[in-house]
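A.B. asks: Mind looking over this structure? Questions follow.
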Amino acid sequence: MSTSDHSTAPAPAPASFSVSVADVELEADDLDPEQIVSGEPVVTGKVLWESADGKQVRGIWQITPGVVTDVEANELFVVVSGRATVEVEGGETLEVGAGSACVLREGDRTTWTVHETLRKAYHISY
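Here the sequence shown is numbered in the working numbering, starting from 24 and rising by one per residue.
Structure, rendered in structure tokens:
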């Protein structure tokens, strides 16, 4: 290989890390007003890691009480605190609370009734 040949090395993987999900300071996140069914829910979150191609995201998300609709991504999450009822259109009604692990399928249409401010750690694959 000559010195004029350049190969692009992949970006190094981020260092391993640990955070206290309950204590991470979250940032304001936009909630489309058309998603709000009732109440005045506020969404905050923090992306902890995102793959270079944007196809995987890991982070923390929080929502205050109210009722909202969403179209889901392929997501695994674990609820750290709070409680909600998640109705999946044409599917199950999920009761989630602290300690619940939940999987949502890409394209699921959901209605979230948040009873107590809910905080979750998540992994999304696009």
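In this text, a Cβ means the ideal position worked out from N, Cα and C, and glycines have one as well.
In its own chain, which residues sit with a C-beta less than 7 Å from the C-beta of K69, not counting the 5 before and 5 after it?
C.D. replies: V47, L49, E50, G82 and I83
A.B. asks: Determine contact between the region 70–78 and the region 123–137, defined as no fewer than three beta-carbon pairs at a distance below 8 Å.
C.D. replies: no
A.B. asks: Within the continuous beta strand (DSSP E) that includes G89, where are the two ends?
C.D. replies: Note, G89: beta strand (DSSP E), G89 to V94.
A.B. asks: Let's test the definition: count the other Cβ atoms within 10 Å of the Cβ of Y145 and tell me whether it reaches 16, buried, or not, exposed.
C.D. replies: buried
A.B. asks: Go ahead and label G62 buried or exposed: buried means 16 or more other beta carbons lie within 10 angstroms of its beta carbon, across all protein chains shown.
C.D. replies: exposed
A.B. asks: Which residues does DSSP list as the beta-bridge partners of D76?
C.D. replies: The partner list for D76 (beta bridge, DSSP) is empty, contrary to what the question assumes.
A.B. asks: Alpha carbon to alpha carbon, what distance is there between A38 and A45?
C.D. replies: 21 Å
A.B. asks: Quick one: residues in its chain with C-beta nearer than 6 Å to the C-beta of S30, no 5 flanking neighbours on either side, listed in chain order?
C.D. replies: Note that S30 scores a pLDDT of 48, beneath 50, so its modelled location is shaky; the value from the coordinates is reported in the next line. Within the same chain, S30 has no close Cβ partners at all.
A.B. asks: Excluding the five sequence neighbours on either side, which residues of its own chain have a C-beta within less than 7 Å of the C-beta of T107, listed in chain order?
C.D. replies: Contrary to the premise, residue 107 reads as Ala rather than Thr in this sequence. Around A107: V119, W135, T136, V137, H138 and L141.
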